[in-house]
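Following: one structure in structure tokens, then a few remarks.
Chains as they are written, first to last, in the working numbering: chain B, 1304 to 1537; chain D, 84 to 416.
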């Protein structure tokens, strides 16, 4: 159960490619200020689930609710406008645009502006006029998060949040999610760093072969370490 | 975005445009006509660069809108008196835009090789319409006996019967189009277009509708190609179905690649290079009878050589010659 009204509510969601389901019967909801994790080994359907929630691949069955409104059949750009912000795996920032241009492109009316993103990531402010592909991996991830924030979302979906980043940068990213949570944003995060996820996130969803096989708070997960080890390979 | 503002590209572009502007002062009819053709093709290639270089839409049918613009001159010109440059020019743009909008509704739903095929198919339908029917004398083409003019309060300001007037008008249009396109490419729409080119899934996640962005760019490119066709047809006052044909679309792509896609200035470089190369290779006194007779073969070899030697076309080569590739801020080393 979520502590308040759900910003994003998935009910029995199934999705896949070419008619073959990759994720099946997924139900989860996230409330303002909540951070939840999606865990699981590679190929278990985490990214597919996020894409289906975002509308980047069609759902086969189930419902996607955003702020209480059914968006199961709405295209991705309308789900983004409805309040979902997406930080894709691998950052995928626009290499031929500068930091400012990358941010401006995503800008929508709301509290988040390039200036507030620079407050959040001062490192980006120093590289305003640099092109996307001249940034380090960490700076690119900050830019990707900043770009998603400029759509002024209610829910931030971050796929592979700290993949390939140095430990110091990873810590900055985790701190950022904590800051965002305190601003009332909901965050769904996929990552492989179990310790950080366990200490940051309110609830966890472990996926295995396209289904949620384990969910709950830190205690629920740690109650059965052997099972967790089996699902996550840790 | 980087190539547009690179100093070496800007300097060369200025030099080429100044050279074109100087032609009426030293050249004869032939030189002037060649220079005007270069500028008309530059305008046409700008429309292709907008689609391919910035939108990632590899069109093989842009000549259809160029040809429609040319035919607008014929349809909007009275038989025995001068028509209005404004009416015919705006009519050509409107016709190009409308045709692009209507075909674009279908075309921009496709991508990659399918986009190429669908644009080619629509263009060939346009070609067949003018070639196989009696519209504007069918395959024989049609003449515009009196070229249009711009007359205000009984005073003729510009008369396309004057080659110099036409030349400077086309030059002004190219300069304005370049300036407008720079603004467009740097606007949020231009950034979104480039975003769609790179990854439309990402753009959808940012709240953009890639279909509408592509359709808008396709329509604008159609209007620009229509204007180019109108000006081109004004050179000789003659229109024919070949102006809608796939050969011209292909020629436009060659010019765009040769000049450097995604640079805008490359459109001018590509048009100038190809037109001048053709003129030189066809000149028996310069290259000899054998080459002049088979000029397509050396031309093809030269194009292949340039494309292989200069990644990014002439604009790319210029940017590398000029030093760092990043024209702004902290670009690449």
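We treat Cβ as the ideally placed atom computed from N, Cα and C, and that holds for glycine.
Predicted, not measured: the structure shown is a model, and the values here were computed from it.
Check, Outcome
"Do residue 327 of chain D and residue 210 of chain D have their CB atoms nearer than 9 Å?", "yes"
"Taking CB distances under 9 Å as the criterion, tell me whether residue 90 of chain D reaches chain B.", "no"
"Can you tell me which residues form a DSSP beta bridge with residue 229 of chain D?", "Partner(s): none; residue 229 of chain D has no beta bridge."
"Pick from B:1351, B:1476, B:1344, B:1315: whose alpha carbon is nearest that of residue 1321 of chain B?", "B:1351"
"Out of B:1318, B:1326, B:1378, B:1311, point me to the one whose CA is closest to residue 285 of chain D's CA.", "B:1378"
"The region 1347-1368 of chain B: which residues have C-beta closer than 9 Å to a C-beta of chain D, in chain order?", "1354, 1357, 1358, 1359"
"Between residue 1309 of chain B and chain D, is the shortest Cβ-Cβ distance under 9 Å, so that the two count as touching?", "no"
"What residues of chain B sit near residue 339 of chain D, judged by a beta carbon separation below 7 Å?", "Ordered by position in chain B, no residue passes the 7 Å Cβ test against residue 339 of chain D, which lies about 18 Å from the chain."
"In chain B, which residues lie less than 9 Å from residue 274 of chain D when you measure between Cβ atoms?", "1397, 1400, 1404, 1405, 1407, 1408"
"Strictly below 9 Å CB to CB, what residues from chain B border residue 282 of chain D?", "1391, 1395, 1397"
"Compute the Euclidean distance between the alpha carbons of residue 1324 of chain B and residue 1491 of chain B, then round it to the nearest angstrom.", "22 Å"
"Of the residues D:99, D:267, D:258, D:300, which one's Cα is nearest the Cα of residue 359 of chain D?", "D:99"
"Would you tell me roughly how many angstroms separate the C-alpha atoms of residue 321 of chain D and residue 202 of chain D, rounded to the nearest one?", "25 Å"
"So, is the C-beta of residue 102 of chain D closer than 9 Å to a C-beta in chain B?", "no"
"Given residue 1454 of chain B, which residues of its chain have a CB within under 7 Å of its CB, disregarding the five upstream and five downstream residues?", "1383, 1388, 1409, 1411"
"I believe residue 165 of chain D touches residue 231 of chain D by the beta-carbon criterion, under 8 Å. Please report the beta-carbon distance rounded to the nearest angstrom.", "6 Å"
"Any C-beta of chain B sitting closer than 9 Å to the C-beta of residue 271 of chain D?", "yes"
"Tell me, which residues are paired with residue 1508 of chain B by DSSP?", "B:1341, B:1518"
"Considering only C-alpha positions, which residue in the set D:134, D:375, D:400 is nearest to residue 268 of chain D?", "D:134"
"For residue 1448 of chain B, count the other beta carbons within 10 Å of its own beta carbon; 16 or more makes it buried, fewer makes it exposed. Which is it?", "buried"
"Is residue 1309 of chain B helix, strand or coil by DSSP?", "coil"
"Strictly below 9 Å CB to CB, what residues from chain D border residue 1383 of chain B?", "287, 288, 289, 290, 291"
"Mapping the DSSP letters down to three states, classify residue 1388 of chain B as helix, strand or coil.", "strand"
"Go through its chain and collect everything with a Cβ distance to residue 143 of chain D's Cβ below 6 Å, but skip five positions before and after it.", "199, 202, 203, 332"
"Starting from residue 1363 of chain B, follow the beta strand (DSSP E) in both directions and report where the run begins and ends.", "1362-1369"
"So with Cβ pairs under 9 Å, would you call residue 194 of chain D a contact of chain B?", "no"
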